[in-house]
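Here the structure comes first, spelled out in structure tokens, and everything after it is commentary.
There are 2 protein chains.
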Amino acid sequence: MSVRAELIAVGTEMLEIGRRDTNSEWLTERLSRLGIAVRARSVVEDDVATIAQAVRAALQRSGLVLVTGGLGPTEDDRTRGALADALGRPLERDPEKLAALERFFSRRGLPLRKKQADRPRGSAWIPNPVGTAPGIAWEEGEVRLFALPGVPAEMRAMFEGGVEPRLSHIAGPRAASTLKIVGQGEGQVDALLADLYDAPGLTATILSGDAGLELHLRADGADARAALERLTDEARRRLGGDVFGRDDDTLAGVVGRLLEDRGQTLATAESCTAGLIAAAVTEVPGSSAWFRGGLVVYGNELKTELAGVDAAILASEGAVSAPVAEQLAEGARTRCGADFGLGVTGIAGPGGGTAGKPVGLVHLALADAAGVVGWRLSKMGERAQVRRRTVTEALDRLRRHLLAARA
Amino acid sequence: MSVRAELIAVGTEMLEIGRRDTNSEWLTERLSRLGIAVRARSVVEDDVATIAQAVRAALQRSGLVLVTGGLGPTEDDRTRGALADALGRPLERDPEKLAALERFFSRRGLPLRKKQADRPRGSAWIPNPVGTAPGIAWEEGEVRLFALPGVPAEMRAMFEGGVEPRLSHIAGPRAASTLKIVGQGEGQVDALLADLYDAPGLTATILSGDAGLELHLRADGADARAALERLTDEARRRLGGDVFGRDDDTLAGVVGRLLEDRGQTLATAESCTAGLIAAAVTEVPGSSAWFRGGLVVYGNELKTELAGVDAAILASEGAVSAPVAEQLAEGARTRCGADFGLGVTGIAGPGGGTAGKPVGLVHLALADAAGVVGWRLSKMGERAQVRRRTVTEALDRLRRHLLAARA
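Going down the list, the protein sequences come from chains D and U.
Heads up, the first sequence is in this note's numbering, so the first residue is 888 and it goes up one at a time.
Heads up, the second sequence is in this note's numbering, so the first residue is 888 and it goes up one at a time.
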């Protein structure tokens, strides 16, 4: 029987309407990859007694407890004291940590809050590579308790650097992988694959988002790894080119690898997405090797002045039209000196739609030295969704083009 | 002091990756409308001891506990037994309810599961207008416990028909507002304001993110609205120009209103943020009235070719330097035909840093017809954070410039 985990998120603000505990969502996925299931999850207000009670109850039931939030410098950061209460150990100030924090804050001319150097006696620090609040680790026999800050980027970096390495040896015989899919709906994927995972020890979860679908596959049991590989291989075979990657792959990262392998470069000219494609590809570290830059041509005159779109065609066809998208793609390619140009123009809404050109209409084009190819898309959803889904589709069209050219 | 609530969702399936407890999100909003704050929320697996422990802890702390899920007819529906354990009352089969269920199931030719007629001694039924599983109500003195099925449509109908009417008389007067802040850290804001909300009936939560800080203020009690206004006004006074908005305001939206009021326009030339500023401003519907477009000058040659940065200065000062940022700002302004130009160049990491120009170094500049001003920034965090924090700072510098010019 493998270890089971409980997650406790601390923060009154997360109990307000409209707030989600995204840290626990992320941790659930990361623990699942290690073969560790979550048996309970809670969000509690910034109150020492409530936090301590939740931690105590979790420690009684489960061998692994992760607490997020409440480690900052302010009055309402109360996790440190609550952990001390729950563990029955006094809170102690670590002189070495205090000195390090003093150096950090005085260099920046900021006031120091000494409480960040406090931890329950017998616990250890978890280093924070991206912020000031250190985490706290407690390990005693078969029980492990880790407290991490609530800021997602800090929490994630510290989980990967300071918690995950301590968990690998307790992970159960369980294997998990994720296929990243674009071009099919949730129902289509399920209909194609349902017979594959309808077997003991196999689980599948399909998650749908603006960046495509994620198919989370999991196998439990003695031959988990082999069973997972069989399942994954067959799912890939059935889904074909709609699978763009696995696990941590992103569409922009996959496109970047394809371009880098060929020694080719990309540029963009964006109207409705207005920089989102450029921003998505430059999320990939090292993208300067294959991304040249782009034009954000939001105003119509800029489509002509910056990207060289023919003013007469702009006037006769309208800004949201196939020829404008094509000229944007070609303008991006030539003016930015790239091998490929992506051009996008569309109506993201909520205003601006007409009967002939409704909200959600997007024209997309891809240019290279051989010519231009275009697509007319109809995207569902509100403004932000239309824009994000257009980014996904643009990158996926480029991906398929690069794969077809390679084949 | 108004009643505070706790929510417990029962169901192992909700602890899987990618699943959200939407029942609790809905209940949080409905309770908030009644002036009832949620102080803790949890999701627990289908296990009698775990459910019972969660219910017991919640009953000790709070006057109102809502449990959803685990009331169905199958083996893994275990809420009834857990409630009996938590309340210390035996589970009793209600002959009237059993007879009603028997009639219902026999009419439909379905097998009856008698356990749906069980409830803890002393509790009452909550009718289910849209399904078979009845809910359970327990009221004793100042303590109220309600258990509802997990199927959202049933849960919602039963909350509205059977729970809400029993809560209206305990609902307290409550008012809430949020101040949006940029330019100060969490600790600084707390030090400035702590004495203000250190009073009975007032609550403050500071939420930190890459787009600035949110200060959530709440007042409970008879004169909640007036108390909240006093608190909010004084907090605004002390924070001064660092408050950029309230409630649903975004920094880009505020900048857009200031530009639109003056009939002026903006353009961008971005290197390290590579389109993120343009994407952020165009999230605002109607931004085409004040945003012209931008240049994403990721490759160095593009800084010269598209934005007109002097190649000699680029070579001598390096791409990440104050003069390059200034020329980018001026290039954005003139080449895109805008009143204001924002220029950004920096090292987002993880690679590319040197001793003299470390990761996180960003040069930002703002140009208008009168000239150019620049800032040298040092941003903490990983690649995505450095980029998002730079977007926030760029928009905030522009906001302050527009406010100063107006004053």
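Where is the CB? At the ideal position from N, CA and C, for every residue including glycine.
Since the model is a prediction, treat every value here as computed from it, not as a measurement.
{"Asked": "Beta-carbon contacts of Gly956/U that lie in its chain and below 6 Å, excluding the five residues immediately before and after", "Found": "Ala896, Val897, Gly898 and Gly1037"}
{"Asked": "Beta carbon of Arg1008/D nearer than 8 Å to that of Pro977/D", "Found": "yes"}
{"Asked": "Segments of 4+ residues assigned as alpha helix (DSSP H) that fall wholly inside the stretch 1165-1190 of chain U", "Found": "none"}
{"Asked": "Proximal residues to Leu1032/D (C-beta, below 6 Å), its chain only, five neighbours per side dropped", "Found": "Val952 and Trp1025"}
{"Asked": "Distance cut-off 7 Å: Ile1164/D Cβ against heavy atoms of the ligand SAM", "Found": "Absence of the ligand SAM from the depicted structure is noted, as is the absence of any ligand whatsoever, leaving it without description."}
{"Asked": "Reduced DSSP secondary structure (H/G/I, E/B, other) of Gly1127/D", "Found": "helix"}
{"Asked": "Backbone secondary structure at Lys1244/U - three-state DSSP", "Found": "coil"}
{"Asked": "8 Å Cβ cutoff met for Gly1230/U and Ala1256/U", "Found": "no"}
{"Asked": "Environment of Met888/U [buried if 16+ CB atoms lie within 10 Å]", "Found": "In this predicted model, Met888/U has a pLDDT of only 43, less than 50, meaning its place in the structure is not dependable enough to derive any value."}
{"Asked": "C-beta neighbour in chain U for His1103/D, strict 8 Å", "Found": "yes"}
{"Asked": "Beta-bridge partners of Ala1044/D, as assigned by DSSP", "Found": "Paired residue(s): none; Ala1044/D is not in a bridge."}
{"Asked": "Beta carbon proximity, Val1231/U to chain D, threshold 8 Å", "Found": "no"}
{"Asked": "For Ile1234/U and Gly1268/U, the rounded distance between their alpha carbons", "Found": "12 Å"}
{"Asked": "Which of helix, strand or coil DSSP assigns to Ala1271/D", "Found": "helix"}
{"Asked": "Neighbour flag for Phe991/D against chain U, beta carbons, 8 Å", "Found": "no"}
{"Asked": "Residue closest to Val1142/D, alpha-carbon to alpha-carbon, out of Ile938/D, Glu932/D, Glu979/D and Leu1282/D", "Found": "Leu1282/D"}
{"Asked": "Three-state class that DSSP yields for Val1076/U in the structure shown", "Found": "helix"}
{"Asked": "Among Ala1063/D, Arg1293/D and Asp933/D, nearest to Leu921/D - alpha-carbon criterion", "Found": "Ala1063/D"}
{"Asked": "Beta strand (DSSP E) runs contained entirely in the stretch 906-985 of chain D, provided each spans 3 or more residues", "Found": "924-931, 951-955 and 978-980"}
{"Asked": "N- and C-terminal bounds of the beta strand (DSSP E) containing Glu903/U", "Found": "Per DSSP, Glu903/U belongs to no beta strand (DSSP E) and is neither H nor E."}
{"Asked": "Identity of the residues DSSP links to Asp852/U by a beta bridge", "Found": "There is no way to answer for residue 852/U, as the model of chain U reaches only from 888 to 1294."}
{"Asked": "Residues near Glu1204/D in its chain [Cβ-Cβ closer than 8 Å; skip 5 each side]", "Found": "Pro1210 and Val1211"}
{"Asked": "Helix, strand or coil at Val1278/U according to DSSP, with G and I counted as helix", "Found": "helix"}
{"Asked": "Interface partners of Arg1061/D on chain U, CB under 8 Å", "Found": "Correct list: empty, because the minimum Cβ distance to chain U is about 13 Å."}
{"Asked": "Residues of the stretch 1077-1103 of chain U whose Cβ lies closer than 9 Å to any Cβ of chain D, in chain order", "Found": "Asp1077, Ala1078, Ala1081, Asp1085, Thr1090, Ala1091, Thr1092, Ile1093, Leu1094, Ser1095, Gly1096, Asp1097, Glu1101 and His1103"}
{"Asked": "Contact with chain U by Val1050/D, beta-carbon distance below 8 Å", "Found": "no"}
{"Asked": "Contact with chain D by Gly905/U, beta-carbon distance below 8 Å", "Found": "yes"}
{"Asked": "Alpha carbon of Glu912/D to alpha carbon of Ser929/U, nearest angstrom", "Found": "13 Å"}
{"Asked": "Where Arg990/U falls: helix, strand or coil (DSSP)", "Found": "helix"}
{"Asked": "Under the three-state DSSP convention, the category Asp1283/U falls into", "Found": "helix"}
{"Asked": "8 Å CB neighbourhood of Asn1015/D in its chain, flanking five on each side removed", "Found": "Pro1021, Gly1022, Pro1036, Glu1041, Ala1044 and Met1045"}
{"Asked": "Cutoff 8 Å: Met888/U Cβ touching any chain D Cβ", "Found": "Any reading at Met888/U must be qualified, since the residue scores a pLDDT of 43, below 50, and its modelled position is unreliable; the value itself is stated next. By this cut-off, Met888/U is not an interface position."}
{"Asked": "Cβ neighbours of Arg995/D in the same chain (closer than 8 Å, five flanking residues each side left out)", "Found": "none"}
{"Asked": "Secondary structure of Gly1218/U, DSSP reduced to three states", "Found": "helix"}
{"Asked": "Beta-carbon proximity check, Val1069/U vs Leu1138/U, cutoff 8 Å", "Found": "yes"}
{"Asked": "Three-state secondary structure (DSSP) of Leu1032/U", "Found": "strand"}
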